[in-house]
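*Asks:*
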Amino acid sequence: MSTPTLFTGRTTRQAAPSPRADATNWHEYRACAGADPDLFTDDDRRTAAKAICVRCPVATFCLQFALDTNTLHGVYGGLDEDEREELLGRKRLRARGHQGNPEPMWRQILRVDARREKLLELHGRGWSAGRIAQALHTNVQTINQVLRELDDQAALDAASEAVAA
Numbered sequence: 004m005s006t007p008t009l010f011t012g013r014t015t016r017q018a019a020p021s022p023r024a025d026a027t028n029w030h031e032y033r034a035c036a037g038a039d040p041d042l043f044t045d046d047d048r049r050t051a052a053k054a055i056c057v058r059c060p061v062a063t064f065c066l067q068f069a070l071d072t073n074t075l076h077g078v079y080g081g082l083d084e085d086e087r088e089e090l091l092g093r094k095r096l097r098a099r100g101h102q103g104n105p106e107p108m109w110r111q112i113l114r115v116d117a118r119r120e121k122l123l124e125l126h127g128r129g130w131s132a133g134r135i136a137q138a139l140h141t142n143v144q145t146i147n148q149v150l151r152e153l154d155d156q157a158a159l160d161a162a163s164e165a166v167a168a
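Add 3 to a position in the sequence shown, counting from 1, and you land on the number used in my numbering.
Right under this line is the structure:
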């Protein structure tokens, strides 16, 4: 079995993932588990985020997750969004909408009952968007979008009930 190659800027290095880590449980072994989730989405602190990724035993899985889900913001697997786009050999799309997965992650969370219920539970406990994002293995922007959609849906439901009454 070959060792995955991590792309960190212009140089590459070899990192062996934990023997128990795989594509379904990699998040349990990540070096960033105790870090502030906002560190990975704050443009001014990316260097610190990438320093954590360099020593992460599952950075390859993390990077693959970001590529598979077409994550548009933040540092994953040691690469920021521009570096991931460069890795894929395409220009970054800054406008709304994107290529790749036709369904944005926030819609996937709304659609999958278990993830939506978990998000609502954690939000009800007063967790920050960053903590919820970390627990659901996504990014802060996705969580904020889901919460906005849920608020909009609640407002529509309330308006419908008022009209019906």
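Built from N, CA and C at the ideal position, the CB exists for glycine as well.
Our contact map puts Leu42 next to Ala34 with C-beta atoms below 8 Å; I'd like the distance itself, whole angstroms only.
*Replies:* In the sequence shown, the residue the question calls residue 42 occupies position 39. In the sequence shown, the residue the question calls residue 34 occupies position 31. Wrong, their Cβ atoms sit about 12 Å apart, outside the cutoff.
*Asks:* Leu82 bridges to which residues according to DSSP?
*Replies:* Walking along the sequence shown from the start, residue 82 turns up at place 79. Paired residues: Tyr79.
*Asks:* Determine the direct distance from the alpha carbon of Arg23 to that of Arg16, and round the result to whole angstroms.
*Replies:* The sequence position of residue 16 within the sequence shown is 13, counting from 1. The sequence position of residue 23 within the sequence shown is 20, counting from 1. Confidence at Arg16 is low in this model, with a pLDDT of 48, below 50, so the placement of that residue should be treated as unreliable; the coordinate-derived value is given next. Answer to the nearest angstrom: the Cα atoms are 21 Å apart.
*Asks:* Excluding sequence positions up to five away, which residues of its chain have a Cβ less than 8 Å from the Cβ of Arg134?
*Replies:* By 1-based counting over the sequence shown, the position of residue 134 is 131. If we look at Arg134 and ignore the five residues flanking it on each side, its Cβ neighbours are Pro40, Leu125.
*Asks:* So, do the stretch 76 to 92 and the stretch 56 to 63 have three or more beta carbon pairs nearer to each other than 8 Å?
*Replies:* yes
*Asks:* For Trp29, I'd like the list of residues in its chain whose CB is within less than 6 Å of its CB, leaving aside the five on either flank, ordered along the chain.
*Replies:* Counted from its first residue, the sequence shown places residue 29 at position 26. Taking Trp29 as the centre and dropping the five residues before and after it, the same chain places the C-beta of Val61, Phe64 closer than 6 Å to its C-beta, in chain order.
*Asks:* Please classify Gln156: is it buried, with 16 or more other beta-carbons within 10 angstroms of its beta-carbon, or exposed?
*Replies:* As a working mapping, residue 156 is identified with position 153 in the sequence shown. Looking at its Cβ environment, which holds fewer than 16 other Cβ atoms inside 10 Å, Gln156 is exposed.
*Asks:* With the cut-off set at 9 Å, would you say Gln144 and Thr44 are in Cβ contact?
*Replies:* Here residue 144 is taken as the residue at index 141 of the sequence shown, counted from 1. Here residue 44 is taken as the residue at index 41 of the sequence shown, counted from 1. Their beta carbons are under 9 Å apart, which means Gln144 touches Thr44 by this criterion.
*Asks:* From the DSSP output, in three-state form, read off Cys178 for me.
*Replies:* This structure cannot speak to residue 178, because the chain is shown only from 4 to 168.
*Asks:* From Glu84, Glu89, Glu31, Leu122, pick the residue whose C-alpha is nearest to that of Asn147; which is it?
*Replies:* On the sequence shown, position 144 is the one that residue 147 refers to. Nearest C-alpha to Asn147: Leu122.
*Asks:* At a cut-off of 8 Å, is Ala158 close to the ligand GDP when judged by its beta-carbon and the heavy atoms of the ligand?
*Replies:* Absent from the structure shown: the ligand GDP. Ligands present: none.
*Asks:* Identify whether Pro40 lies in helix, strand or coil by the three-state DSSP scheme.
*Replies:* Position 37 of the sequence shown, counting from 1, holds the residue named residue 40. Helix, per DSSP.
*Asks:* Quick check: the Cα distance between Asp85 and Asn142, rounded to an integer number of angstroms?
*Replies:* Numbered from its first residue, the sequence shown carries residue 85 at position 82. Numbered from its first residue, the sequence shown carries residue 142 at position 139. Approximately 16 Å, taken between the alpha carbons.
*Asks:* Pick out whichever of Glu120, Tyr32, Asp47 has its Cα sitting closest to the Cα of Arg58.
*Replies:* For the purposes of this step, residue 58 is taken as residue 55 along the sequence shown, with counting starting at 1. Across the set Glu120, Tyr32, Asp47, the C-alpha of Tyr32 shows the shortest separation from the C-alpha of Arg58.
*Asks:* If you reduce the DSSP assignment to three classes, tell me which class Leu150 lands in.
*Replies:* The residue given as residue 150 occupies position 147 in the sequence shown. Three-state DSSP puts Leu150 in a helix.
*Asks:* Whole angstroms are fine: how far does the CA of Ala132 sit from the CA of Val149?
*Replies:* Translated into the one-based positions of the sequence shown, residue 149 becomes position 146. Translated into the one-based positions of the sequence shown, residue 132 becomes position 129. Computed Cα separation, rounded: 10 Å.
*Asks:* Can you tell me which of Leu139, Arg119, Gly127 puts its alpha carbon nearest to the alpha carbon of Phe68?
*Replies:* Sequence index remark: in the sequence shown, residue 68 carries index 65 (1-based). Checking every option, the nearest Cα to that of Phe68 belongs to Leu139.
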